[in-house]
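Colleague:
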Amino acid sequence: MIASRRFRALLALIAVVVESAAAPDWADILNEARGQTVYWNAWGGDARVNRHIAWAAAAAQQAFGIEVRHVKLADTADAVSRVLAEKSAGRTSGGSVDLLWVNGENFAAMKQHGLLYGPFVHLLPNHHWLDTNNLPLLSDFTVPADGLEAPWSVAQLVLLFDRDRLTTPPRTPDALLAWARAHPGRFAYPRPPDFLGTTFLKQLLLQLTTNHPALGSPATAAEFQRWTTPLWQYLDALHPHVWRQARAFPGGGPALVRLLADAEVDLTLAFSPEAAASGILSGQLPGTARTTGFEGGSIGNVSFLAIPFNSRSRSGALVLANFLLSPVAQARKQDPSEMGARTVLAVERLDPADRDLFERLPRHEASPSPGDLGPLLPEPHPYWMDRLEQEWERRYGGR
Amino acid sequence: MAGLAGTLLPAFGYLPALGRGGFSLEPWHRFAALPGIWTSVGRSLATGIATTLVSLGIAVALCAAWHGTAWFRHSQRLLAPLLSVPHAAAAFGISFLLAPSGWLMRWISPSLTGFARPPDWLTVHDPHGISLTVGLVVKEVPFLLIMMLAAMAQSDADRSRRVALSFGYGPMTGWLKGVFPRLYPQIRLPVLAVLAYGISVVDVAMILGPTNPHPLAVRLVRLFNDPDLSWRLPASAGAMVQGVLVGVGIVIWTGLERWVRAAGSRWVVSGRRHPEDRALRFAAGAVWVLATGLLIAGLAAMGLWAFADGWRFPEVWPDRLTWTTWERHADGLRAPLVNTLSLALGATGMAMLLAVGLLEAEARSERGSWTRFGGLLYLPLIVPQVAFLFGAQILLLSAAMDGRWLAVAWMHLVFVFPYVFLTLSGAYRAWDRRFESVGMCLGASRFGVFLRVKLPMLLRALTAAAAVGFSVSVGQYLPTLLIGGGRLPTITTEAVALAAGGDLRVIALHALVQMALPLMAFGLAVLIPGWQFRNRRALQAAS
Numbered sequence: 002m003i004a005s006r007r008f009r010a011l012l013a014l015i016a017v018v019v020e021s022a023a024a025p026d027w028a029d030i031l032n033e034a035r036g037q038t039v040y041w042n043a044w045g046g047d048a049r050v051n052r053h054i055a056w057a058a059a060a061a062q063q064a065f066g067i068e069v070r071h072v073k074l075a076d077t078a079d080a081v082s083r084v085l086a087e088k089s090a091g092r093t094s095g096g097s098v099d100l101l102w103v104n105g106e107n108f109a110a111m112k113q114h115g116l117l118y119g120p121f122v123h124l125l126p127n128h129h130w131l132d133t134n135n136l137p138l139l140s141d142f143t144v145p146a147d148g149l150e151a152p153w154s155v156a157q158l159v160l161l162f163d164r165d166r167l168t169t170p171p172r173t174p175d176a177l178l179a180w181a182r183a184h185p186g187r188f189a190y191p192r193p194p195d196f197l198g199t200t201f202l203k204q205l206l207l208q209l210t211t212n213h214p215a216l217g218s219p220a221t222a223a224e225f226q227r228w229t230t231p232l233w234q235y236l237d238a239l240h241p242h243v244w245r246q247a248r249a250f251p252g253g254g255p256a257l258v259r260l261l262a263d264a265e266v267d268l269t270l271a272f273s274p275e276a277a278a279s280g281i282l283s284g285q286l287p288g289t290a291r292t293t294g295f296e297g298g299s300i301g302n303v304s305f306l307a308i309p310f311n312s313r314s315r316s317g318a319l320v321l322a323n324f325l326l327s328p329v330a331q332a333r334k335q336d337p338s339e340m341g342a343r344t345v346l347a348v349e350r351l352d353p354a355d356r357d358l359f360e361r362l363p364r365h366e367a368s369p370s371p372g373d374l375g376p377l378l379p380e381p382h383p384y385w386m387d388r389l390e391q392e393w394e395r396r397y398g399g400r
Numbered sequence: 005m006a007g008l009a010g011t012l013l014p015a016f017g018y019l020p021a022l023g024r025g026g027f028s029l030e031p032w033h034r035f036a037a038l039p040g041i042w043t044s045v046g047r048s049l050a051t052g053i054a055t056t057l058v059s060l061g062i063a064v065a066l067c068a069a070w071h072g073t074a075w076f077r078h079s080q081r082l083l084a085p086l087l088s089v090p091h092a093a094a095a096f097g098i099s100f101l102l103a104p105s106g107w108l109m110r111w112i113s114p115s116l117t118g119f120a121r122p123p124d125w126l127t128v129h130d131p132h133g134i135s136l137t138v139g140l141v142v143k144e145v146p147f148l149l150i151m152m153l154a155a156m157a158q159s160d161a162d163r164s165r166r167v168a169l170s171f172g173y174g175p176m177t178g179w180l181k182g183v184f185p186r187l188y189p190q191i192r193l194p195v196l197a198v199l200a201y202g203i204s205v206v207d208v209a210m211i212l213g214p215t216n217p218h219p220l221a222v223r224l225v226r227l228f229n230d231p232d233l234s235w236r237l238p239a240s241a242g243a244m245v246q247g248v249l250v251g252v253g254i255v256i257w258t259g260l261e262r263w264v265r266a267a268g269s270r271w272v273v274s275g276r277r278h279p280e281d282r283a284l285r286f287a288a289g290a291v292w293v294l295a296t297g298l299l300i301a302g303l304a305a306m307g308l309w310a311f312a313d314g315w316r317f318p319e320v321w322p323d324r325l326t327w328t329t330w331e332r333h334a335d336g337l338r339a340p341l342v343n344t345l346s347l348a349l350g351a352t353g354m355a356m357l358l359a360v361g362l363l364e365a366e367a368r369s370e371r372g373s374w375t376r377f378g379g380l381l382y383l384p385l386i387v388p389q390v391a392f393l394f395g396a397q398i399l400l401l402s403a404a405m406d407g408r409w410l411a412v413a414w415m416h417l418v419f420v421f422p423y424v425f426l427t428l429s430g431a432y433r434a435w436d437r438r439f440e441s442v443g444m445c446l447g448a449s450r451f452g453v454f455l456r457v458k459l460p461m462l463l464r465a466l467t468a469a470a471a472v473g474f475s476v477s478v479g480q481y482l483p484t485l486l487i488g489g490g491r492l493p494t495i496t497t498e499a500v501a502l503a504a505g506g507d508l509r510v511i512a513l514h515a516l517v518q519m520a521l522p523l524m525a526f527g528l529a530v531l532i533p534g535w536q537f538r539n540r541r542a543l544q545a546a547s
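So the protein lines, in turn, are chains A and B.
Following our numbering, the residues of the first sequence are numbered contiguously, the last one being 400.
Following our numbering, the residues of the second sequence are numbered contiguously, the last one being 547.
1. When you compare each of B:V472, B:W271, B:T329, B:A365 to R450 of chain B by their alpha carbons, which one comes out closest?
2. Would you kindly work out how many angstroms separate the C-alpha atoms of A22 of chain A and R356 of chain A, rounded to a whole number?
3. Give a yes or no on whether 8 Å exceeds the smallest Cβ distance from H114 of chain A to chain B.
4. Starting from S97 of chain A, find everything on chain B with Cβ-Cβ shorter than 8 Å and list it in chain order.
5. F121 of chain A by DSSP, collapsed to three states: which one?
6. With the cut-off set at 8 Å, would you say Y118 of chain A and R313 of chain A are in Cβ contact?
7. Please look up how many angstroms separate the CB atoms of R343 of chain A and V103 of chain A, rounded, as I've assumed it's under 8 Å.
8. Run the CB neighbour count on A468 of chain B, radius 10 Å, all protein chains shown included, and call it buried at 16 or more, exposed below.
9. In chain A, which residues lie less than 8 Å from H91 of chain B when you measure between Cβ atoms?
10. Along the region 215-226 of chain B, where does the CB come closer than 7 Å to a CB of chain A? Name the residues.
11. Pick from A:L358, A:P383, A:P171: whose alpha carbon is nearest that of G294 of chain A?
12. Does the region 275-294 of chain A come close enough to the region 332-339 of chain A that 3 or more CB-CB pairs lie under 8 Å?
13. Name, please, each residue of chain B whose Cβ falls closer than 9 Å to the Cβ of N1 of chain A.
14. My output table needs one value for N107 of chain A: the three-state DSSP class, helix, strand or coil.
15. Check the Cβ of D313 of chain B against every Cβ in chain A and list those closer than 7 Å, keeping chain order.
16. Just checking my contact of L100 of chain A with V39 of chain A at CB under 8 Å: how many whole Å lie between their CB atoms?
17. Which residue comes first and which comes last in the alpha helix (DSSP H) that contains W179 of chain B?
18. State yes or no: is the beta carbon of E498 of chain B nearer than 8 Å to at least one beta carbon in chain A?
19. When you compare the region 28-39 of chain B with the region 236-251 of chain B, are there three or more beta-carbon pairs, one atom per stretch, that lie closer than 8 Å?
20. I need the straight-line Cα distance from M152 of chain B to D79 of chain A, nearest angstrom please.
21. What residues in the region 268-293 of chain A bring their beta carbon closer than 8 Å to a beta carbon of chain B?
22. Check whether the Cβ of F171 of chain B lies closer than 7 Å to any heavy atom of the ligand ADP, and answer yes or no.
23. Among residues of its own chain, excluding the 5 on either side of V530 of chain B, which ones have a beta-carbon nearer than 6 Å to its beta-carbon?
24. I think W70 of chain B touches G289 of chain B, with their Cβ atoms under 8 Å apart; what is that distance to the nearest whole Å?
25. What is the DSSP secondary structure of T292 of chain A, reduced to helix, strand or coil?
26. Would you please verify whether the beta carbon of L347 of chain B is less than 8 Å from any beta carbon of chain A?
27. Along the chain, where does the alpha helix (DSSP H) that runs through V453 of chain B open and close?
28. Check each residue of the region 114-137 of chain B: if its Cβ is closer than 7 Å to any Cβ of chain A, include it; give the result in chain order.
29. Could I get the ranges of all uninterrupted beta strand (DSSP E) runs contained in the region 236-295 of chain A, with 3 residues as the minimum, in chain order?
30. Cβ of K334 of chain A less than 8 Å from any chain B Cβ?
31. Roughly how many whole angstroms lie between the Cα atoms of A247 of chain A and R92 of chain A?
32. So, is the C-beta of F317 of chain B closer than 8 Å to a C-beta in chain A?
33. Just checking, does the region 470-478 of chain B make contact with the region 505-522 of chain B on the three C-beta pairs under 8 Å criterion?
34. Relative to the C-alpha of A63 of chain B, which candidate in B:L180, B:W327, B:R166, B:A304 has its C-alpha closest?
35. I need the DSSP call for L303 of chain B, collapsed to helix, strand or coil.
36. In angstroms with no decimal places, state the Cα-to-Cα distance between N343 of chain B and G96 of chain A.
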């Protein structure tokens, strides 16, 4: 196992060396990019994200002469389907997707089916500032990114609540269960395979097994049963006390924000520590919304930018991806009044002027203090994710 | 058709893009093994049948009870606006009324209920699909009513009703016995379209339907979208099941029709007149008012949300009304609006030419209705979109046609045409050919009669069909996205993308804009004939 991992790392290294030998100069890429149109396919469900993308598009137009069009997706899988359809139809160049906001299963599927261009991350000048030491930027849901996607921002599972209705939120599974018993119907989590719902299952699994090392690799059916038994017992106990007694489940993160805003629940989940701040700033949540972390830390992951294998404007996509990794773009993205998404850069290594961009960012009163959040916990191996979703579906999905 | 093959082959394990070259039944096994899948299937079928029964029941009862009265004529003006409301917008409106944190609950909370917080009740998303059925019914009743009105204009309904009244029949009985049996064959296809739609609807089912498990169509969309691409194979199998399910629905419905015909024909000739039906008539009116009221109140709630700044439970009204949401989104609306309009006009124009051409050729052909090419025409209404679009997309990609305006407009045409044909054919086929003979006796050429007598007489049906086609095109989501490759954003693709985000204000804004376009089309559909016929009394009365 270890040998093969080392071998794979070696292969990746060779690939990087070979690629960079043949790699075009950044100046050439900039030249080629000028005048190109980049179709950036990105989830369009959040007006604030859309505004940030519009800002980046205008900035890139001005600085690099590339025209950026945001293709607003309701589901990233729509774009994956499109690239797949293009491959089926034999279109190996001139594809319709140039840059794609992607992560997790969508990335894994694209990588597996050879739908991605790259590795390209080493081509981007700004990749030197990536905080690879402290953040899990090299793999996406444990699937090695292999330079096929550039990190864009960091997210972490947090609890979202209304301070007016709940002063001290429960921050461990046991406390959550006790609180739910005392406040029936006031907690909700989305149904897996919504990523927030699945992440909640993984978070529970990590905490209920005290982060057992077995979760880091595939397991046998017997092992799966052994390590997940506490999780199912926990959910069996929790479900009678959640929103609608688990006879219906909210669709996903945005639905949860609405449930909290409508006072249908007092406590739920979010995938960004700034979820409360940005919800307040956009007027969706009352000023008393807050977020806090799980005791002992919670699962975090990274969203990425990838370039499909048949992108029509590859140079333009590279230039845009590099711009999105610049301190200017990253600091703007981290601003709670913009998007509130944590940067992937190692801020302490930046030039003072660039560092200043981050240090001057306002801290919103609804943002959790760093002490609340705890460390980023690593994702379990994808084996667990698939099986958890299937088993959840089998147990609770068909009622 | 090719698109359908693109669904059929994967259902049996053939999808070369995923490295699947062989044929097997494995996709079917995987589909059948999905937890709760048969519950989903049952729910879809039940929702479709219930929706059709209730909608038709309300529409028929209303026509029977009130046709020919001034009140009925007035309330007809509501139909076009109601019909132009996109299904998703109506569903959002209804959900905001009926949810425990919804408007109805806010009106009585906390004063009457004592609820300072919404109760934990399963009203929308209820497991039996009742709120889903309600949401569909309020949209389908206006559709069926418009179809019935168009058909009645052609079948001398008013005189039949008056004859029946003069024989001492109660108004409802007279209409049911004298008009309905002749009317139903003309509206049968629209009724079946309602049935098929109810069984395979996706967006409304996502907003109002059961969530554990979802109805079949919603699960299929999710399977087709699953990042694990191998799920496409079982999803294709599921799409076949969905198609068969619509077939099963139609068979059940046909059985119901037979039974009603058998029971009804005895009743029609029984001579019973039921002259005193006042209570029943008022009940029918009340149900209609309730259904319309629900829809209108839901839309009013949507309208408020588009301007709301802070609106928390249990407040009945928003804290403030502002233009902020509109200002933020005005720029982003321009390009989608242009695309929406051009696609809708193009597709509707093509569909109208095609439909009139086919119907006219049929009218002139000796063999009669050869254009009833079976269910073929209606395949796009019956096969779930998500299923054959994937196949069609690959086809268009191979021809390097994707992302072009023409390809998207053509794909819209596939969906627009059946509705246009459906709306138009009843009136067109029922047109009294004696007018043609008269015209030709007066020395006009056949084409002259067609142009100067037939088309003007059918103007109301034509404009109605065009408006229906226009609104169908405006509502297209998946075809626009898949075939357009995201290059041609429309109001609907924007609305659905933003609906995923859950900010009600933004959703409401887009729903309002999405609603405004068909509303204008239907407005024109009413105004143009009204203006044309301003000095032709008989044609006015036909409305």
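Quick reminder that beta carbons are idealized off the backbone N, C-alpha and C, glycines included.
Modeller: Here's the rundown:
1. B:A365
2. Annotation note: pLDDT 46 at A22 of chain A (below 50); position unreliable, coordinate value reported separately. If you take the alpha carbons of A22 of chain A and R356 of chain A, they lie about 32 Å apart.
3. yes
4. D406, G407, G489, G490, R491
5. coil
6. no
7. Going by Cβ atoms, the distance from R343 of chain A to V103 of chain A rounds to 18 Å, so no, they are not a contact pair.
8. buried
9. The contacting residues do not exist; H91 of chain B stays about 16 Å from chain A at best.
10. T215, N216, P217
11. A:P171
12. yes
13. Look at the range of chain A in this structure, 2 to 400, and you will see that residue 1 of chain A is not part of it.
14. helix
15. G284
16. 6 Å
17. 175-182
18. yes
19. yes
20. 39 Å
21. S283, G284, Q285, P287
22. Only the bare structure without any ligand can be found here, which leaves the ligand ADP out of the picture.
23. A84
24. 6 Å
25. strand
26. no
27. 450-453
28. R121, P122, D124, L126, H129, P131
29. 268-271, 290-293
30. no
31. 45 Å
32. yes
33. yes
34. B:L180
35. helix
36. 22 Å
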